[in-house]
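Asker:
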Amino acid sequence: MSFSEIDYAGWGRALRAQGPVSRPESAADLAALPAAPAAGLRRSYGDAALNDGGQMIDMSRMNRLLAFAPETGDLTVEAGARIGEIAALMAPQGWLPAVMPGTGFATVGGCIGQDVHGKNHHVSGSFGAHVTAIDLIQPGGRVTTRPGEPLFRATCGGLGQTGLIASATIRLKRVPGDIMLVTEQRARGWDEHLALLDGSKASYCVGWIDATATGAAMGRGIVEEGEPARGIVKRRDTTSRVPMDAPHFALAAPIVHAFNWAYYHRVPARGRSVARPLGDFFFPLDRIHDWNRLYGQRGFHQFQCVVPLASAPALHDMLSEIAESGLASPLAVLKRMGPGRAGHLSFPMEGYTLAIDFPNREAARALIARLEDRTAEAGGRLYFAKDSLARGAQIRAMYPELPEWQEIVTDIDPEGRLTTDLIRRLNLRSAR
Amino acid sequence: MTTTWIVLGATSAMARPLIRDLAAHGAVMYLAGRDMAELEKLAADCRIAGAPEAHTVKFDARDASNYAEIVHNLAATEGTLNAISFVGTMPEQSEIDASPDLIAGVVMDSMTGPATFLTRLAPVMEARGNGVIVGISSVAGDRGRLGNYVYGAAKAAFSTYLSGLRNRLGRSGVHVMTVKPGPVDTPMTFGKKMPFMTTPEAVAKDILRGIEKRRNVIYTAPIWRLVMAVITHIPEPVFKKMSF
Numbered sequence: 131m132s133f134s135e136i137d138y139a140g141w142g143r144a145l146r147a148q149g150p151v152s153r154p155e156s157a158a159d160l161a162a163l164p165a166a167p168a169a170g171l172r173r174s175y176g177d178a179a180l181n182d183g184g185q186m187i188d189m190s191r192m193n194r195l196l197a198f199a200p201e202t203g204d205l206t207v208e209a210g211a212r213i214g215e216i217a218a219l220m221a222p223q224g225w226l227p228a229v230m231p232g233t234g235f236a237t238v239g240g241c242i243g244q245d246v247h248g249k250n251h252h253v254s255g256s257f258g259a260h261v262t263a264i265d266l267i268q269p270g271g272r273v274t275t276r277p278g279e280p281l282f283r284a285t286c287g288g289l290g291q292t293g294l295i296a297s298a299t300i301r302l303k304r305v306p307g308d309i310m311l312v313t314e315q316r317a318r319g320w321d322e323h324l325a326l327l328d329g330s331k332a333s334y335c336v337g338w339i340d341a342t343a344t345g346a347a348m349g350r351g352i353v354e355e356g357e358p359a360r361g362i363v364k365r366r367d368t369t370s371r372v373p374m375d376a377p378h379f380a381l382a383a384p385i386v387h388a389f390n391w392a393y394y395h396r397v398p399a400r401g402r403s404v405a406r407p408l409g410d411f412f413f414p415l416d417r418i419h420d421w422n423r424l425y426g427q428r429g430f431h432q433f434q435c436v437v438p439l440a441s442a443p444a445l446h447d448m449l450s451e452i453a454e455s456g457l458a459s460p461l462a463v464l465k466r467m468g469p470g471r472a473g474h475l476s477f478p479m480e481g482y483t484l485a486i487d488f489p490n491r492e493a494a495r496a497l498i499a500r501l502e503d504r505t506a507e508a509g510g511r512l513y514f515a516k517d518s519l520a521r522g523a524q525i526r527a528m529y530p531e532l533p534e535w536q537e538i539v540t541d542i543d544p545e546g547r548l549t550t551d552l553i554r555r556l557n558l559r560s561a562r
Numbered sequence: 002m003t004t005t006w007i008v009l010g011a012t013s014a015m016a017r018p019l020i021r022d023l024a025a026h027g028a029v030m031y032l033a034g035r036d037m038a039e040l041e042k043l044a045a046d047c048r049i050a051g052a053p054e055a056h057t058v059k060f061d062a063r064d065a066s067n068y069a070e071i072v073h074n075l076a077a078t079e080g081t082l083n084a085i086s087f088v089g090t091m092p093e094q095s096e097i098d099a100s101p102d103l104i105a106g107v108v109m110d111s112m113t114g115p116a117t118f119l120t121r122l123a124p125v126m127e128a129r130g131n132g133v134i135v136g137i138s139s140v141a142g143d144r145g146r147l148g149n150y151v152y153g154a155a156k157a158a159f160s161t162y163l164s165g166l167r168n169r170l171g172r173s174g175v176h177v178m179t180v181k182p183g184p185v186d187t188p189m190t191f192g193k194k195m196p197f198m199t200t201p202e203a204v205a206k207d208i209l210r211g212i213e214k215r216r217n218v219i220y221t222a223p224i225w226r227l228v229m230a231v232i233t234h235i236p237e238p239v240f241k242k243m244s245f
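Going down the list, the protein sequences come from chains A and B. Going letter by letter, the first sequence gives residues 131 to 562 in the numbering used here. Going letter by letter, the second sequence gives residues 2 to 245 in the numbering used here.
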């Protein structure tokens with residue numbers, strides 16, 4: 131199986147790598163490969179899927195559905211299968227992945243490696259909670275791990291360090307059909323926003339936040355709640371594509387202000403309920419291919435943190451600082467999380483999570499550094515799937531189970547053949 | 002009514018998204034190729050995606066001994082019968098120059114094998130008076146050039162064959178569509194920068210749209226129709242001095 135020298139980037143395009151990449155198409159191809167880190171469709175924003183100067187295995191063509199058991203809903207897939215394609219194929223048959231991240235282009239291998247969460251985290255926990263088996267190709271051989279085993283816990287959210295994820299079995303959940311009943315409500319400010327999120331009884335709930343609003347409107351946004359349903363809605367069969375890198379002023383403050391104002395007011399003051407295709411609710415940005423090019427050549431960073439419920443005031447202050455800075459983009463999300471996490475290095479904790487994109491500029495990088503410090507002070511955590519700027523020392527305090535994880539990983543891969551740029555930047559594999 | 006598809010060269014990277022689409026739309030699938038283990042995996046994928054039945058079929062473009070049997074089995078299906086061929090191989094022209102005996106294999110894979118099979122299948126489809134045959138040819142068949150003229154010659158023969166088959170079957174209601182892909186993101190091209198490269202997903206969409214509109218010849222990416230119109234019109238005295 132051959133390698134080709136390729137230039138590639140994380141989804142944020144601010145961090146890049148160059149090195150030999152191999153893209154297996156079959157089990158035989160995969161078996162012939164040396165031990166190296168694996169990536170899916172590289173939807174991690176930073177450097178989790180980068181290995182500058184080293185080998186990388188691109189799993190995107192290993193995407194077959196291998197077995198399905200309708201009695202349990204257990205679906206076995208190759209690791210490169212995308213969540214969006216699984217949803218599109220299975221929802222008409224009455225099944226849906228129990229947890230779906232914000233992009234349908236995330237692969238099952240990636241969802242496990244980052245132990246991702248969805249708009250139903252407060253009810254259903256993280257992705258790993260619905261995985262019943264993971265087949266790993268480790269430097270020493272093949273192994274299958276199941277819930278309850280230390281290896282399983284180290285693999286969920288384990289950033290690919292316990293071996294290449296070849297295939298996995300995920301337990302789908304029953305849904306009545308392939309549309310969503312969505313209720314959208316305006317939240318006029320921070321307190322109302324949190325109150326709506328806290329009070330939601332819906333299976334899926336997320337808040338879009340206008341990160342440019344200041345004063346009394348600070349924290350305003352739209353709270354979206356959704357329930358899967360059966361019905362017929364008009365489907366978009368076309369997707370748009372961003373044909374080129376946008377100029378740097380495309381996301382200048384006045385433009386973002388105007389966009390956010392319009393986006394907020396598009397929902398009537400009394401709120402509304404609408405029926406939408408599944409994909410429009412779960413993966414709103416997937417309709418625009420290569421949307422990351424909107425941030426121009428320099429790319430962007432996403433800041434995502436979670437803080438405990440009691441630290442809501444600290445999150446308020448962070449959002450204030452963001453709003454005052456005028457640097458935020460329209461893509462900003464606030465969500466209440468439950469306690470569910472499946473791995474030693476899983477991101478979730480019970481509390482509130484805030485995610486905001488920033489164009490890759492000096493002022494934004496400085497702001498993100500301050501936000502990271504505030505997150506640490508608030509007893510919160512940063513997300514490896516998004517992070518591209520944090521420092522190793524901060525991360526250690528946020529992930530107290532790191533030593534346990536390291537012990538398992540060192541056993542499996544003593545030579546560090548599976549390390550990535552993220553692992554090296556944050557020193558995640560070393561004792562300090 | 003049942004729709005049945007036989008896919009020759011089903012394990013090829015270009016074929017997979019189309020196979021998934023056909024299965025999700027409820028077609029009965031016959032997946033034909035040489036690697037039976039991979040075909041079994043594809044068949045499982047088809048069944049989960051929504052195909053009421055998915056069968057694997059041993060098919061070798063260089064060995065026609067079981068074609069009659071395959072066609073016999075297909076003749077027993079009900080509803081509409083359709084066929085698509087993805088088979089073909091492209092050794093580097095330099096390898097061929099070094100060992101000209103490779104030419105026989107290239108012609109077998111791209112022309113003799115699929116044409117022999119489709120010619121056997123034609124009377125079955127003719128009798129039913131419906132269905133579609135799709136042949137994957139190549140832009141390389143539109144004009145012989147330095148880099149791959151043996152492969153191009155084999156594909157040109159296949160294009161010509163499909164054109165004749167269309168002429169024959171059109172009168173009984175069977176539609177034949179020729180597909181001419183440019184570079185597609187497959188293992189053959191991975192990591193190479195090539196002009197107007199498209200993806201297997203886009204090829205699948207183009208083929209499905211072409212079938213729906215009953216197109217005779219499609220290019221994918223569609224820009225290649227224009228590019229090849231220009232290339233085929235370059236006068237030979239000029240063309241013979243060009244290298245691309």
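Positions of the beta carbon are idealized from the N, C-alpha and C atoms, including for glycine.
Name the two residues that bound the continuous alpha helix (DSSP H) containing A:Ile362.
Answerer: Premise fails: A:Ile362 is in no alpha helix (DSSP H) and is neither H nor E.
Asker: Which first and last residues belong to the beta strand (DSSP E) in which B:Ile235 is found?
Answerer: B:Ile235 -> no beta strand (DSSP E), and no H or E assigned at all.
Asker: Fully enclosed by the stretch 44 to 98 of chain B, which beta strand (DSSP E) runs are 3 residues long or longer?
Answerer: At a cut-off of 3 residues, the continuous stretches assigned as beta strand (DSSP E) that sit fully inside the stretch 44 to 98 of chain B are 55 to 59 and 81 to 86.
Asker: Grouping DSSP H, G and I as helix and E and B as strand, with all else coil, what is A:Arg212?
Answerer: strand
Asker: Output needed for A:Pro377: all residues of its chain with C-beta closer than 7 Å, excluding positions within five of it in sequence on either side, in chain order.
Answerer: If the five residues before and after A:Pro377 are omitted, its C-beta is found closer than 7 Å to the C-beta atoms of Gly426, all from its own chain and listed in chain order.
Asker: Taking the alpha-carbon of A:Arg191 as reference, which of A:Gln223, A:Ala158, A:Gly184 and A:Thr262 has the nearest alpha-carbon?
Answerer: A:Ala158
Asker: Can you list, in chain order, the residues of the stretch 185 to 196 of chain B whose Cβ is nearer than 7 Å to any Cβ on chain A?
Answerer: Pro188, Phe191 and Gly192
Asker: Can you tell me which residues form a DSSP beta bridge with A:Gly290?
Answerer: In the DSSP output, where bridge partners are listed per residue, A:Gly290 has none listed.
Asker: For B:Ala154, which residues of its own chain have a beta-carbon under 7 Å away from its beta-carbon, when the five flanking residues on both sides are left out?
Answerer: Gly145
Asker: With 16 other CB atoms within 10 Å as the buried threshold, where does B:Met37 fall?
Answerer: Residue burial annotation: B:Met37 is exposed, with fewer than 16 other C-beta atoms found within 10 angstroms of its C-beta.
Asker: Looking at the strands, I want to know which residues DSSP matches up with A:Ser96.
Answerer: The requested residue 96 of chain A does not occur in the structure, where chain A is confined to residues 131 to 562.
Asker: Determine, using beta-carbon pairs with one atom in the stretch 293 to 302 of chain A and one in the stretch 260 to 267 of chain A, whether at least three such pairs fall under 8 Å.
Answerer: yes
Asker: In chain A, what lies closer than 7 Å to B:Glu93 by C-beta?
Answerer: Those within 7 Å of B:Glu93 in chain A number zero; the least Cβ separation is about 14 Å.
Asker: How would you label A:Pro398, buried or exposed, when you count the other beta carbons within 10 angstroms and need 16 or more for buried?
Answerer: exposed
Asker: Within a Cβ cutoff of 7 Å, which residues of the same chain sit near B:Gly80, ignoring the five residues on either side of it in sequence?
Answerer: Met2, Thr3, Thr4 and Thr5
Asker: Using DSSP with H/G/I as helix, E/B as strand and the rest coil, what is B:Pro196?
Answerer: coil
Asker: Output, in chain order, the set of chain B residues within a Cβ distance shorter than 9 Å of A:Val151.
Answerer: Phe191 and Gly192
Asker: Would you decide whether B:Leu227 is buried or exposed? Buried here means 16 or more other CB atoms lie within 10 Å of its CB.
Answerer: exposed
Asker: So, does the CB of B:Ala44 fall closer than 8 Å to a CB anywhere in chain A?
Answerer: no
Asker: Looking at C-alpha atoms only, which residue of A:Leu205, A:Thr313, A:Ala515 and A:Gly429 is the closest neighbour of A:Gly287?
Answerer: The shortest Cα separation from A:Gly287 among A:Leu205, A:Thr313, A:Ala515 and A:Gly429 belongs to A:Ala515.
Asker: Whole angstroms are fine: how far does the CA of A:Ala221 sit from the CA of A:Ser330?
Answerer: 24 Å
Asker: Contact check, A:Phe235 vs A:Arg173 under 8 Å by CB: the rounded distance?
Answerer: 5 Å
Asker: Since A:Ala162 contacts A:Ile187 with CB under 8 Å, what's their CB separation in whole angstroms?
Answerer: The C-beta distance from A:Ala162 to A:Ile187 rounds to 11 Å, too long to meet the 8 Å contact threshold.
Asker: Could you please tell me which residues of the stretch 180 to 196 of chain A, in chain order, have their CB closer than 8 Å to any CB of chain B?
Answerer: Arg191, Arg194, Leu195 and Leu196
Asker: For the beta strand (DSSP E) that contains A:Gln434, what are its first and last residues?
Answerer: Phe430 to Pro438
Asker: At 8 Å on the CB atoms, spell out the chain A contacts of B:Gly51, in chain order.
Answerer: Leu219, Pro222 and Gln223
Asker: Going along the chain, which residues of its own chain have a beta-carbon closer than 6 Å to the beta-carbon of A:Leu205, five neighbours each way excluded?
Answerer: Phe198, Ile300 and Leu302
Asker: What residues in the stretch 12 to 25 of chain B have a beta carbon less than 7 Å from any beta carbon of chain A?
Answerer: Ala14 and Ala25
Asker: Comparing the C-beta of A:Ile362 with each C-beta of chain B, is any distance below 8 Å?
Answerer: no
Asker: Given that B:Glu54 touches chain A, what residues does it touch there, using C-beta distances under 7 Å?
Answerer: None at all; the shortest Cβ gap to chain A is about 15 Å.
Asker: For A:Phe198, return the contacting residues in chain B, with the cut-off set at a CB-CB distance below 7 Å.
Answerer: Ile49
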